[in-house]
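Asker: Residue numbers for the sequence shown follow this note's numbering, beginning at 13 and rising by one. Just so you know, even glycine gets a beta-carbon here, dropped at the ideal spot from N, CA and C. Just so we're clear, the structure is a prediction, and the values are computed from it rather than from any experiment.
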Amino acid sequence: MSLFPVTGTDVGAVMMAAADRATLRQAVKFLEHRSLATRLSLVFGRQISLVGKMLPAQLSEVVDKTAERAIRMGLAAAMNSLDSKRRDDRRIWHKAAATVSGAAGGAFGIASLPIELPISTLLMLRSIAAIARTEGENLAETETALACLEVFALGSQEGGEHGAQASASTESGYFALRALLAHSVSEAARFIVERGVIEETAPVMLRFVSQVATRFGVVVSQKVAAQAVPFLGAAGGAAINYAFIDHFQVLARGHFIVRRLERIYGADLVRTEFDAARREVSEGLATSGA
């Protein structure tokens, strides 16, 4: 197995190791067949998903603004403090802390969102960075920090049964989203490297934040809708926030597995193997559901 990235012309001569292929298959499941709304519906009942489709415009505006503020704060944190020397994956601690903040969301409702969401987002970002490091990423690199923030955009994909059926015949939602974000990510990275500072009001930074925040807001809306169900209370809010952070931790694991394998085998081969694994997983889910 090559220890160096493979160029496009080398793909035909390289085979992915069986262990890496199995790991990539797991990443496919993480990235293509999970939805927070579906997961919450399974735990709390169909009422959760129905409420999510009926958020009033005023509430949606609060969610959108808060999601954008959370991503802006995340960007500042990603550029300034992710490169810790600690090498352990502290997902359990981060998840517990976010769960506690979610209990406040359940107790105080939408009024707590402008405070609770940025805190949860920063905790999740720390956890995402820890996952990135365990997959071989260098957190001192600007592009890696932006890749951590990309994870917040991945959560808006459709998952569950409908997502599985669609992905059998359509392009990978994960790679489609990465392609959509690629230009703004590269522009933002170049801007930060050239300037040496973050200028949040610069057009390239606003564009990146907006693209991530818009998709992050979709999942935040699902969380807010779930926490708005009257009978849940603080305990339910904590459970929802636990699912919320776990959702993004799982996406982060899949995302950085793919990036690690791309560094070894090259993007073309990984994409080919990913698509093959996606078809196998989709067919397996369709068969089991028949």
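Would you kindly report the start and end of the unbroken alpha helix (DSSP H) that includes Val-75?
Answerer: 69-93 is the span of the alpha helix (DSSP H), which, as asked, contains Val-75.
Asker: With contact counted as at least three CB pairs below 8 Å, one residue from each stretch, are the segment 158-169 and the segment 81-90 in contact?
Answerer: With the cut-off at 8 Å, the segment 158-169 and the segment 81-90 touch.
Asker: Looking only at C-alpha atoms, which of Asp-258, Asp-32, Phe-286, Gly-266 sits nearest to Arg-51?
Answerer: Closest by alpha carbon: Asp-258.
Asker: My assumption, with CB atoms under 8 Å, is that Val-221 sits in contact with Arg-37. Please give the rounded CB distance.
Answerer: So it is not a contact: roughly 33 Å between Cβ atoms.
Asker: According to the neighbour-count rule (16 or more other Cβ atoms, all chains shown, within 10 Å of its Cβ), is Ser-72 buried or exposed?
Answerer: Label assigned to Ser-72: exposed.
Asker: I'd like the span of the alpha helix (DSSP H) that includes Val-232, first residue to last.
Answerer: Residues 215-239.
Asker: Short of 6 Å in beta carbon distance, which residues of its chain neighbour Phe-203, apart from the five on each side in sequence? Order them along the chain.
Answerer: Result list for Phe-203: Val-216, in chain order.
Asker: From Leu-48, Val-241, Ala-82, pick the residue whose C-alpha is nearest to that of Val-224; which is it?
Answerer: The candidate whose alpha carbon is nearest that of Val-224 is Ala-82.
Asker: Residue ranges of each alpha helix (DSSP H) run of no fewer than 4 residues wholly in the segment 252-299, ordered along the chain?
Answerer: If we require 4 residues or more, the segment 252-299 turns out to have no alpha helix (DSSP H) run fully inside it.
Asker: State buried or exposed for Val-205, treating a residue as buried only when at least 16 other CB atoms are found within 10 Å of its CB.
Answerer: With fewer than 16 Cβ atoms within 10 Å of its Cβ, Val-205 is classed as exposed.
Asker: Could you pull out every residue in the same chain whose Cβ sits closer than 6 Å to the Cβ of Leu-129, ignoring the five residues on either side in sequence?
Answerer: The residues are Thr-78, Ala-82.
Asker: Is it buried or exposed, Glu-149, if we count other Cβ atoms within 10 angstroms and call 16 or more buried?
Answerer: Buried: at least 16 other Cβ atoms inside 10 Å.
Asker: Could you check whether Arg-227 and Ser-168 sit closer than 8 Å to each other, using their CB atoms as the reference points?
Answerer: It is a contact, given that the beta carbons lie within the stated cut-off.
Asker: Are the CB atoms of Ala-39 and Ile-269 within a distance shorter than 8 Å?
Answerer: Against a cut-off of 8 Å, the Cβ pair of Ala-39 and Ile-269 comes out as a contact.
Asker: Gly-86 to Ala-157, Cα distance in whole Å?
Answerer: Rounded to whole angstroms, Gly-86 to Ala-157 spans 10 Å at the Cα level.
Asker: For His-382, tell me which candidate among Ala-165, Ala-247, Leu-43 has the shortest Cα-Cα distance.
Answerer: Because the chain here runs from 13 to 302, residue 382 falls outside it and cannot be looked at.
Asker: Taking its Cβ as the centre, do 16 or more other Cβ atoms sit within 10 Å of Gly-208, making it buried, or is it exposed?
Answerer: Result: exposed.
Asker: Compare the Cα-Cα distances from Leu-193 to each of Ala-165, Ala-251, Glu-212, Tyr-277 and report the closest residue.
Answerer: Minimum Cα distance to Leu-193 is reached at Ala-165.
Asker: Which one of Val-236, Ser-233, Glu-153, Thr-146 has the shortest CA to CA distance from Ala-201?
Answerer: Of the listed residues, the one whose Cα sits closest to Ala-201 is Glu-153.
Asker: With burial defined as no fewer than 16 other Cβ atoms inside 10 Å of the residue's Cβ, what is the status of Glu-212: buried or exposed?
Answerer: When all chains shown are included, Glu-212 counts as exposed.
Asker: Please report the straight-line C-alpha distance between Thr-284 and Ala-141, rounded to a whole angstrom.
Answerer: Going from the Cα of Thr-284 to the Cα of Ala-141 covers about 27 Å.
Asker: What three-state label does DSSP hand Ser-196 in the structure shown?
Answerer: Ser-196: helix per DSSP, three-state reduction.
Asker: Can you tell me whether Leu-54 is buried or exposed? The criterion is at least 16 other CB atoms within 10 Å of its CB, across all chains shown.
Answerer: Leu-54 is exposed by the Cβ-count criterion.
Asker: Is the separation between the beta-carbon of Ser-198 and that of Val-75 shorter than 8 Å?
Answerer: No, they are not a contact pair.
Asker: For Val-262 versus Leu-273, is the C-beta spacing smaller than 8 Å?
Answerer: Against a cut-off of 8 Å, the Cβ pair of Leu-273 and Val-262 comes out as no contact.
Asker: Is Met-28 helix, strand or coil when you go by DSSP?
Answerer: Coil at Met-28, not helix or strand.
Asker: Taking 8 Å as the cut-off, decide whether the C-beta atoms of Phe-286 and Ser-184 are in contact.
Answerer: Yes, Cβ-Cβ distance for Phe-286 and Ser-184 is below 8 Å.
Asker: Compute the beta-carbon to beta-carbon distance between Lys-41 and Val-293, rounded to the nearest angstrom, for a pair I have assumed lies under 8 Å.
Answerer: Confirmed, Cβ separation roughly 6 Å.
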